[in-house]
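Number of protein chains: 2
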Amino acid sequence: MRRNATLFDIADALGISTGTVHRALHNHPGVSAATRSRVLQVSKSLGYRPNLAARFLSQRKQFRISVNTLSGTTSFWDEVRDGINQGARALGVENVELDFRTYPLFGEAEEEAFQSAMKADSNGIVAFPSQPKNFRSWMKLAAKSKTPVVCVSTDAPDSGRLSVVSIDTVASGSLAADLLGRFLGRKGKVAATLSALSINEHAEKFQAFRSTLQSLHPEMQVLEPIEDHDAESEAYDKCRALFAAHPDLAGLYITTEASIPVIQAARDSGVLGKLSMITTDLFPKLADELRAGNIAATIYQRPRTQGRLAFQVLYNYLADGRAPQQQVTLVPHLVMRGNLDYFLARHPMGARAKAAAAAENGEAAEFATFD
Amino acid sequence: MRRNATLFDIADALGISTGTVHRALHNHPGVSAATRSRVLQVSKSLGYRPNLAARFLSQRKQFRISVNTLSGTTSFWDEVRDGINQGARALGVENVELDFRTYPLFGEAEEEAFQSAMKADSNGIVAFPSQPKNFRSWMKLAAKSKTPVVCVSTDAPDSGRLSVVSIDTVASGSLAADLLGRFLGRKGKVAATLSALSINEHAEKFQAFRSTLQSLHPEMQVLEPIEDHDAESEAYDKCRALFAAHPDLAGLYITTEASIPVIQAARDSGVLGKLSMITTDLFPKLADELRAGNIAATIYQRPRTQGRLAFQVLYNYLADGRAPQQQVTLVPHLVMRGNLDYFLARHPMGARAKAAAAAENGEAAEFATFD
DNA sequence: AGGGTCGCCGTAAACGTTCACGGGAGCCAC
DNA sequence: GTGGCTCCCGTGAACGTTTACGGCGACCCT
Numbered sequence: 005m006r007r008n009a010t011l012f013d014i015a016d017a018l019g020i021s022t023g024t025v026h027r028a029l030h031n032h033p034g035v036s037a038a039t040r041s042r043v044l045q046v047s048k049s050l051g052y053r054p055n056l057a058a059r060f061l062s063q064r065k066q067f068r069i070s071v072n073t074l075s076g077t078t079s080f081w082d083e084v085r086d087g088i089n090q091g092a093r094a095l096g097v098e099n100v101e102l103d104f105r106t107y108p109l110f111g112e113a114e115e116e117a118f119q120s121a122m123k124a125d126s127n128g129i130v131a132f133p134s135q136p137k138n139f140r141s142w143m144k145l146a147a148k149s150k151t152p153v154v155c156v157s158t159d160a161p162d163s164g165r166l167s168v169v170s171i172d173t174v175a176s177g178s179l180a181a182d183l184l185g186r187f188l189g190r191k192g193k194v195a196a197t198l199s200a201l202s203i204n205e206h207a208e209k210f211q212a213f214r215s216t217l218q219s220l221h222p223e224m225q226v227l228e229p230i231e232d233h234d235a236e237s238e239a240y241d242k243c244r245a246l247f248a249a250h251p252d253l254a255g256l257y258i259t260t261e262a263s264i265p266v267i268q269a270a271r272d273s274g275v276l277g278k279l280s281m282i283t284t285d286l287f288p289k290l291a292d293e294l295r296a297g298n299i300a301a302t303i304y305q306r307p308r309t310q311g312r313l314a315f316q317v318l319y320n321y322l323a324d325g326r327a328p329q330q331q332v333t334l335v336p337h338l339v340m341r342g343n344l345d346y347f348l349a350r351h352p353m354g355a356r357a358k359a360a361a362a363a364e365n366g367e368a369a370e371f372a373t374f375d
Numbered sequence: 005m006r007r008n009a010t011l012f013d014i015a016d017a018l019g020i021s022t023g024t025v026h027r028a029l030h031n032h033p034g035v036s037a038a039t040r041s042r043v044l045q046v047s048k049s050l051g052y053r054p055n056l057a058a059r060f061l062s063q064r065k066q067f068r069i070s071v072n073t074l075s076g077t078t079s080f081w082d083e084v085r086d087g088i089n090q091g092a093r094a095l096g097v098e099n100v101e102l103d104f105r106t107y108p109l110f111g112e113a114e115e116e117a118f119q120s121a122m123k124a125d126s127n128g129i130v131a132f133p134s135q136p137k138n139f140r141s142w143m144k145l146a147a148k149s150k151t152p153v154v155c156v157s158t159d160a161p162d163s164g165r166l167s168v169v170s171i172d173t174v175a176s177g178s179l180a181a182d183l184l185g186r187f188l189g190r191k192g193k194v195a196a197t198l199s200a201l202s203i204n205e206h207a208e209k210f211q212a213f214r215s216t217l218q219s220l221h222p223e224m225q226v227l228e229p230i231e232d233h234d235a236e237s238e239a240y241d242k243c244r245a246l247f248a249a250h251p252d253l254a255g256l257y258i259t260t261e262a263s264i265p266v267i268q269a270a271r272d273s274g275v276l277g278k279l280s281m282i283t284t285d286l287f288p289k290l291a292d293e294l295r296a297g298n299i300a301a302t303i304y305q306r307p308r309t310q311g312r313l314a315f316q317v318l319y320n321y322l323a324d325g326r327a328p329q330q331q332v333t334l335v336p337h338l339v340m341r342g343n344l345d346y347f348l349a350r351h352p353m354g355a356r357a358k359a360a361a362a363a364e365n366g367e368a369a370e371f372a373t374f375d
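Chains A and B supply the protein sequences, listed in that same order.
So for the first sequence, the working numbering puts the first residue at 5; every next one is plus one.
So for the second sequence, the working numbering puts the first residue at 5; every next one is plus one.
Below you can see the structure in the form of C-alpha cells.
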C-alpha cells in the first residue's frame, strides 16, 4: 500500500530541494524553465497529488466568505443560510469564516452590505441579486479586488459573477405544465402569475410552462401571464379580475412567492374548489392550504440545497482555483398532500424539534435536514 | 481576528504539556482524573476546536472503505457508486481509499465480497443487503472487528448496521397515490406491483400508497398488490392476468425496477393508452416510454445522492465518531415528460458528454451531476 | 536498602506543505 | 576590484496534532 508521492519524493528524484519543486508546481517565479519542466515531468510520472491537510495546516488560510441575502418574510432565506452553514461544516477542515449580512428587499441596504463585505476583506461573496440592474454596479466593487461572487436563487447576467446556483426554470415550468395538463384531463384554460417578465427566471419559467403545455397538451389554452411585481395587493386585484373575466378558468400556476393573496382572491371569488392550482415554495400557511386540498401541489425550490451548492462552488474556486460551471441548476421537488409530512419534518420549525430529539439520542442532527 | 485555540493554548493556561492535554481530551490513559477535568474545563472555556488539517496530517490515517454493491443491469448502481466517489472527492482532504466490490444479484458472491472486505482490513463498509435475512450473518463478520456498515437503498433491520440511506418509502408511495388520484379525476380502480411484501421497503411503499389513496381519494379502489419476485416473466404474466380480470383498471403504480415487462404486458393487452402508469427509477428504455407518453410519470430514487449520503454518514462516523441517525431518508424526484430532458442531461450517458464539454471550457464537471 | 512496578507527565520527532530569508553564481558598471 | 544587481536555488522554521519514549515520583515487596 504505497502512500502518495510527496514534494520530497520529487525533489529527491531530481536532486533538488522541496522549495524549488513547490515553486515549479505553482508557477511561482524563481525557477528556470528547464527545471520547471523537469519537475512537472517527474510530478506527473509519480502521480503526485498534494496533501491538502498539509497545505491547509501550513498556510493556515482562513477564507472569509460574506453571505448577502434577504431577511425575507418566509423561511426561504433562513433555509438558504442554513444550507450554506451545512456546506461549511461538511468540509472536513474548518478554514472558512462566514459573515452573514441580511437586509430587507427594498432600500439601499443591499449596496451597503456589499461595501461592508469588501471593507472586511472578504475572499468571496454569496449574494442574492434582488435588482439585477443595480447589481452590475455593486459588482464593480468586487471586481476591483477580484473577489468572486456567486449568485444564489436568481442570476445577474453579464455582471461578471463567477457562477449562479438556482432552480432549473425550464424543469419547473415544464413540470407544472405537464402536471396541470394531466390534472385537468388535457383540456381547459390555464393561467400563470409571475413577478415580472423582465426578470429572466420568471420569464423562462413561463416560457417553459407555455411551450410545454402547447406541445404536450395542445388542446389547452394558456392565457397571458399576470405580473404582480412582488406586491400582494397587485396580485390579489389582478387575480380577482382574472377570475371574473374567465369564469371557466381551470388551472393556475403561481411562480412567485406570493401565493397567499392569489389563494385569497380565489376564495373570495368563489372559485377555490374548482381550480387546480400549483404554487411555488413551501411555508406554514401554504402547507395549511395544501393540507386542506385548496392547492394541488407546490414546487419546492430546495433553498437549503441551493445554499449548500453555492457555498461549495465558491469554496472550490477559492481553494483550488477550479472554475465552476457558469450555472448550476437543480431540480425542484414536488410537494403534494401525500408527501407533505415528509417536508414539514425537515422544515425549520419541524426540523428544530427533530434535531433536538436526535441530539437526545446522541445522534448527529446534520442529516435531519437533507433534501 | 483571533485564531482558534490550540492544544498549546490549553496547555499553557494550565502549565502542563500538550501531550497531557491531548490524552485528557481523548480519554486516553495516563492522565489523572483531576487534570483531565481541568483540561476539559479550560478547553470548553477557550472554545477549543481541533484543527482537523493538523490531525489528518499527523496521523496520516487512510480510511479504507469497501463498497459492496450489485453489478445490476440498469445504471442504478453505477450512479450509486458515482455518488460515493463524489462524496469522497468533495472531502477537501483525501484520506480515504475506496474499494469497490460488485457482484450479481444471485449467488454467494455477496458473502465473498464481505469476507474479502474484512480480509483487506476495511475500516468501514457501504453495502446493499440483497437478502436481508442472510445479511444478518454476514454482519457478524463485521461485528467481530467492530467494522461499521452502512446500508444503501434497502435496510437490513436488526442486523447491527450503523445506519441506512434510502428513499423515503412513505413519501414515494403517498406521492404516487396522490398523483394517480388527481390524474384519474379521483375515481376508478388502481393497482400496484411490487417485488415482495416480505421486503420492508416494498411493503411500506404499498401501505403508504393504499392508505393515502383511501384517505385523500376515498372513492377510488385499490386492488391487492401484485408480487413479481424480481422475475420479469412473473411480472409480465401476472399483469396480463390483471388486465384481463379488470378491464376497467385505470391506474397502475409500479414500485419495482422491472417496469418494462409490465409496460409490455399492457401493450400486448391493448390497454397501454387508457392506463395511467407511474413507475420507479429512470433508465434509457423507460425514458423512451415516458417520452412516448406511455407512462405518466416515474419516481426517480436519486441513486447518486443515496451514494453520496451513505459515504458521508460512514465517513463522519469514522472520522469524528459521530453517531449518525439510524436512518437517513430522502425525497424522490418526480420525472415527467415535461422535465425529462433535465434528468437525461444528468444521467450517466448524457452526463458523460456534458462533462466532456465542461472540461473543454476548463470548468469543473463536478456539478454537472448533482441532483 | 535495593529493585521492581505503576501512574502520571514532559519531550521531541514526525506528518507534507508553504514561505521568508539568504547565499552563490553570473553579469554589468563604475 | 568593489559594489550592486538579477536569477536560480537551498535552508529551515513554522502550522497543530499525534505518538513513541523516557523520566520522576510513589508505593510495594523481599
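Ideal Cβ placement from N, Cα and C applies to all residues, glycine included.
For B/I264, the enclosing alpha helix (DSSP H) covers residues I264 to S273. Judged by DSSP secondary structure, B/S215 falls within the alpha helix (DSSP H) whose first and last residues are N204 to L220.
Interface annotation, B/V97: in contact with chain A, CB-CB separation under 7 angstroms. For the stretch 175-196 of chain B, the set of residues with a beta-carbon nearer than 9 angstroms to any beta-carbon of chain A comprises A175, S176, G177, S178, L179, A180, A181, D182, L183, G185, R186, F187 and G189, in chain order. Non-local C-beta neighbours of A/F139 in its own chain, meaning closer than 7 angstroms and more than five positions away in sequence, comprise P133, A160 and S163, ordered along the chain. Taking 8 angstroms as the Cβ-Cβ cut-off, the stretch 113-124 of chain B has no residue approaching chain A. Of all residues in the stretch 325-342 of chain B, the ones placed with a Cβ closer than 7 angstroms to any Cβ belonging to chain A are R326, A327, P328, Q329, V332, L334, V335, H337, L338, M340, R341 and G342, in chain order. The beta carbon of B/F139 sits no closer than 7 angstroms to any beta carbon of chain A.
Excluding five sequence positions before and after B/R295, the CB atoms of its chain that fall closer than 7 angstroms to its own CB belong to R341 and L344, given in chain order. Residue A/S170 holds the alpha-carbon nearest to the alpha-carbon of A/Q330 among A/Q135, A/P136, A/S170 and A/V43. Within chain B, the residues placing a beta-carbon under 7 angstroms from that of A/F60 are A57, ordered along the chain. Counting only Cβ-Cβ distances below 7 angstroms, A/T216 has contacts in chain B at G342, in chain order.
Buried is the label assigned to A/L290, since at least 16 other Cβ atoms lie within 10 Å of its Cβ. Using a Cβ-Cβ distance cut-off of 8 angstroms, the stretch 273-283 of chain A and the stretch 178-186 of chain A are in contact, since at least three pairs of beta carbons, one from each stretch, lie closer than that value. Counting along the chain, B/S178 sits inside the alpha helix (DSSP H) bounded by residues T173 to F187. Residue pairing by DSSP places B/N72 opposite B/R105 and B/A131 in a beta bridge. Taking a beta-carbon distance threshold of 7 angstroms, A/D103 does not count as an interface residue toward chain B.
Within the same chain, and ignoring the five residues on either side of A/N55 in sequence, the residues whose Cβ sits closer than 8 angstroms to its Cβ are N8 and T10. Those residues of the stretch 26-55 of chain B placed with their C-beta closer than 8 angstroms to a C-beta in chain A are R53 and N55, ordered along the chain. In the displayed model, B/G277 falls within coil according to three-state DSSP, outside both helix and strand. Residue pairing of B/L256 in beta bridges, as defined by DSSP: B/A195 and B/M281. Contact annotation: in the stretch 248-267 of chain B, no residue has its CB less than 7 angstroms from a CB in chain A.
About 5 angstroms separates the beta carbon of A/N127 from that of A/R68, a gap short enough to meet the 8 angstroms contact definition. Taking a 10 Å sphere around the C-beta of A/Q316, we find 16 or more other C-beta atoms and assign the residue as buried.
For the stretch 308-335 of chain B, the continuous beta strand (DSSP E) assignments of 3+ residues that do not extend past its boundaries occur at 331-334, in sequence order. Taking C-beta separations shorter than 7 angstroms and ignoring five residues to either side along the sequence, the partners of A/L184 in its chain run V194, G255, Y257, S280 and I282, following chain order. In this model, A/F287 and A/R350 are separated by some 12 angstroms (Cα to Cα). Residues of chain B with a Cβ closer than 7 angstroms to the Cβ of A/D292 do not exist; the shortest Cβ-Cβ separation is about 16 angstroms.
In the structure shown, the three-state DSSP call for B/Y52 is coil.
If you draw a straight line from the Cα of A/T106 to the Cα of A/W142, it is about 16 angstroms long. Looking at the DSSP output, B/A301 shares a beta bridge with B/I282.
Under a 10 Å Cβ-count criterion, A/P229 is classified as buried, with 16 or more other Cβ atoms of the shown protein chains found around its own Cβ. Around B/D375, the beta-carbon contacts reaching into chain A at under 9 angstroms are L334 and V335. When the beta-carbon positions are compared, B/A269 and B/L276 stay at least 7 angstroms from each other. CA-to-CA, the gap between B/A323 and A/T333 works out to about 31 angstroms. Look at B/I14 here: in three-state DSSP terms it is helix.
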